Amino acid sequence: MNIEDGKRSERPKEVGTEKNIKKIYKMILNDRKLKLNEIADTLKISTERVHHIIDEYLGMRKLCAKWVPRELTFDQKQRRVDDSEQCLKMINRNKPEFLCRYVTMDETWLHHFTFKS
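The UniProt record's numbering numbers the first residue of the sequence shown as 1 and each following residue consecutively.
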């Protein structure tokens with residue numbers, strides 16, 4: 001009786017290849033509402049591996065049903081700074097008028113609908 005492993009023909013298949021990473025990236029850019037299982041079915045790899053590639057290699061996460069980069073780019077950060085500076089200038093010019101017109105909101109979406117009786 002032999003309990004030793006036999007020789008294997010090749011190394012296990014690696015799904016985190018550059019080829020798969022590029023394919024997933026292009027798929028997400030073409031349709032940011034893609035689901036993990038749709039990507040996995042197309043590439044014939046597991047949803048766990050797809051999620052790993054998107055999270056670890058591409059640095060993206062799902063937000064409001066879209067894949068978005070986890071961190072802001074320099075241009076996005078600069079835009080926020082510019083917008084904030086512009087708001088500060090408006091406050092300094094006429095604070096009461098500014099506060100009457102300025103509305104802020106977080107990422108929460110509120111939907112209004114009426115039930116049909």
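For glycine and all other residues, C-beta sits at the position ideal for the given N, C-alpha and C. Just so we're clear, the structure is a prediction, and the values are computed from it rather than from any experiment.
* Contacting residues, own chain, Cβ-Cβ under 8 Å from E71 (five flanking each side not counted) -> G59
* For the alpha helix (DSSP H) that contains I99, what are its first and last residues? -> Residue identity differs from the one stated: residue 99 is Leu in this sequence, not Ile. Counting along the chain, the alpha helix (DSSP H) containing L99 begins and ends at 95-101.
* Could you tell me which residues DSSP pairs with K62 in its beta bridges? => W67
* Asked: Assuming K33 contacts K66 under a Cβ cut-off of 8 Å, what Cβ separation, rounded to an integer in Å, is found between them?
  -> 6 Å
* Three-state secondary structure (DSSP) at R80? -> helix
* To do: Determine the direct distance from the alpha carbon of D55 to that of D83, and round the result to whole angstroms.
  => 30 Å
* Asked: Would T47 pass as a contact of L63 if the rule is Cβ separation under 7 Å?
  -> no
* Close Cβ partners of Y102 (< 6 Å) along its chain, the five nearest in sequence each way excluded -> none
* Taking DSSP as the reference, what is the three-state secondary structure of residue 144? -> The structure shown does not extend to residue 144, since the chain is modelled only from 1 to 117, so the question has no answer here.
* By a C-beta neighbour count over all protein chains shown, 10 Å radius and 16 as the cutoff for buried, is I39 buried or exposed? -> buried
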